[in-house]
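First the structure, in the form of structure tokens, and then the observations on it.
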Amino acid sequence: MANLKAIRDRISSVKNTRKITEAMRLVAAAKVRRAQEQVLRTRPFAGRLARVLQNLESRVGFELADAPLLQARDVKTITLLAVTGDRGLCGGYNSNVIKRTEQRFAELKGQGFTVDMVLMGRKAITYFQNRSYPIRATFTGLEQVPTAQEADQIANEVLAEFLSASTDRVEIIFTKFINLVSSQPVVQTLLPLDPQGIATPDDEIFSLITREGQLGVEVGKLESAPQPLQPDFVYEQNPEQLLNALLPLYLASQLLRSLQEAAASELASRMTAMNNASDNAKELAKTLTLDYNKARQAAITQEILEVVAGSTS
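For the sequence shown, position 296 (counting from the first letter as 1) is numbered 304 according to this note's numbering, and the numbering increases by one without interruption.
Rendered as structure tokens:
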């Protein structure tokens, strides 16, 4: 009977664990929806900003503009901005970004550059601090659904380092959202800015849906990029002054978009991981229940044999 009690306790523990993983899956699914809505809300501003920058480019030419954020330098120091989460239980999301950051760090060091890091998320901070990597700044406690204020805070930090010439290039390493079961760590140059092709046509959008009680995702295409502003558009200020004022906004919008991609990837990874954990718990509970029934039947059979043997002796 001791064996039966152990199996019964294990079944109860597995069922309780499944309740937790199922709750975490539903929370992640709700937050993925919020991340999607946030992306769609920020796109009108990003699109309008892109059109204004395109029009300014036609007026002054970015290659001729005296804008510090556009000027390429002799690169000696490179800063890597790695975006991970504060928490685990999201599959390989954090480890994939950390591996890609280590790989990029080794590549740049091998080419003779001085490399340091700006880290977002406790997972990256703990990992790289324990291995004595050069860390310039850290950010933790950010919202799982990123806000413009958080993007501005981080953008101001990297912008100050770039303008003070303490770093010559800033690269961001984040996870690009593909769909609910697929994401990919990517490396993009954040500074100096290159606003060419900023109005991306046929941009993919994702929609979380429910079919027959199961969560799924639909991938669609964004409508064609809006037409550029009219060439006779009149600016009250000098175009170069406007350019210097708008480029920090463009940097913040690019960073916000990267944070949104990373947040959607983390939440999708957590939802997938918790869904797999719930399925595994369900299968394990079935197996344990079968083992329990077999053990219980064996115990009953043994008791019957003992009673029969006692009555015939």
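Ideal Cβ placement from N, Cα and C applies to all residues, glycine included.
#1: Around the C-beta of residue 278, are 16 or more other C-beta atoms found within 10 angstroms, so that it is buried, or is it exposed?
#2: Give a single yes or no on whether residue 147 has its beta carbon closer than 7 Å to a heavy atom of the ligand ZN.
#3: Give me whichever residues DSSP pairs with residue 179 in a beta bridge.
#4: Residues in the same chain with beta-carbon distance under 7 Å from residue 21, minus the five sequence neighbours each way, listed in chain order, please.
#5: Any idea what DSSP makes of residue 305, helix, strand or coil?
#6: Note down, in chain order, each residue of its chain lying with its Cβ closer than 6 Å to the Cβ of residue 146, except the 5 sequence neighbours on either side.
#7: Check whether the Cβ of residue 60 lies closer than 8 Å to any Cβ atom in chain C.
#8: Can you give me the start and stop residues for the beta strand (DSSP E) that residue 127 sits inside?
#9: Which residue wins for smallest C-alpha separation from residue 150, given the options 92, 119 and 31?
#10: Out of 32, 101, 110 and 292, which one is the CA nearest neighbour of residue 141?
#11: Rounded to whole angstroms, what is the Cα-Cα separation between residue 190 and residue 157?
#12: Whole-angstrom Cβ separation of residue 131 and residue 102, contact assumed at under 8 Å?
#13: Would you mind sorting residue 283 into buried or exposed? The rule is 16 or more other CB atoms within 10 Å of its CB.
#14: Okay, do the region 283–302 and the region 48–55 touch, 3+ Cβ pairs below 8 Å being the bar?
#15: Go ahead and pull the three-state DSSP assignment for residue 134.
#16: Whole angstroms are fine: how far does the CA of residue 148 sit from the CA of residue 129?
#17: Got a sec, what are the start and stop residues for the beta strand (DSSP E) residue 144 sits in?
#18: Compare the Cα-Cα distances from residue 143 to each of 59, 200, 274 and 123 and report the closest residue.
#19: State the Cα-Cα distance for the pair residue 237 and residue 170, rounded to the nearest angstrom.
Looking at the atomic coordinates:
#1: Numbered from 1 along the sequence shown, position 270 holds the residue referred to as residue 278. With 16 or more other CB atoms across the displayed protein chains lying within 10 angstroms of its CB, residue 278 is buried.
#2: In the structure shown, the ligand ZN is absent, as is every other ligand, since no ligand is present at all.
#3: Residue 179 sits at position 171 when you count from the first residue of the sequence shown. Answer is 88 and 197, bridged to residue 179.
#4: Locating residue 21 in the sequence shown gives position 13, where the first residue counts as 1. Counting only Cβ-Cβ distances below 7 Å, and skipping sequence neighbours, we find nothing.
#5: Indexing the sequence shown from 1 puts residue 305 at position 297. Reduced to three states, the DSSP call for residue 305 is helix.
#6: Within the sequence shown, numbered from 1, the residue matching residue 146 stands at position 138. Sequence-distant Cβ neighbours of residue 146 in its own chain, meaning closer than 6 Å and more than five residues away, are 127 and 133.
#7: Among the chains in the structure shown there is no chain C, since it carries only a single protein chain.
#8: Taking the sequence shown and counting its residues from 1, one reaches residue 127 at position 119. Annotation: the continuous beta strand (DSSP E) that includes residue 127 extends over 122–128.
#9: Here the question's residue 150 lines up with position 142 in the sequence shown. It is 92.
#10: As a first step, residue 141 must be located in the sequence shown, where it is residue number 133. Its Cα nearest to that of residue 141, the residue 110 stands out among 32, 101, 110 and 292.
#11: Walking along the sequence shown from the start, residue 190 turns up at place 182. Walking along the sequence shown from the start, residue 157 turns up at place 149. Whole-angstrom Cα-Cα distance: 28 Å.
#12: As a working note, residue 131 is residue 123 in the sequence shown. As a working note, residue 102 is residue 94 in the sequence shown. Right, their Cβ atoms sit about 4 Å apart.
#13: In the sequence shown, residue 283 corresponds to position 275, counting from 1. Residue 283 counts as buried, since at least 16 other C-beta atoms from the protein chains shown sit within 10 angstroms of its C-beta.
#14: In this structure the region 283–302 does not lie against the region 48–55, because fewer than three pairs of beta carbons, one per stretch, are closer than 8 Å.
#15: Indexing the sequence shown from 1 puts residue 134 at position 126. It is helical.
#16: Numbered from 1 along the sequence shown, position 121 holds the residue referred to as residue 129. Numbered from 1 along the sequence shown, position 140 holds the residue referred to as residue 148. Looking at the two C-alpha atoms, the distance is approximately 5 Å.
#17: For this step, residue 144 is matched to residue 136 along the sequence shown. 143–147 is the extent of the beta strand (DSSP E) around residue 144.
#18: Residue mapping note: residue 143 aligns to position 135 of the sequence shown, counting from 1. Measuring from the Cα of residue 143, the nearest candidate turns out to be 123.
#19: Your numbering for residue 237 matches position 229 in the sequence shown. Your numbering for residue 170 matches position 162 in the sequence shown. Any reading at residue 237 must be qualified, since the residue scores a pLDDT of 47, below 50, and its modelled position is unreliable; the value itself is stated next. So the alpha carbons of these two residues sit roughly 31 Å apart.
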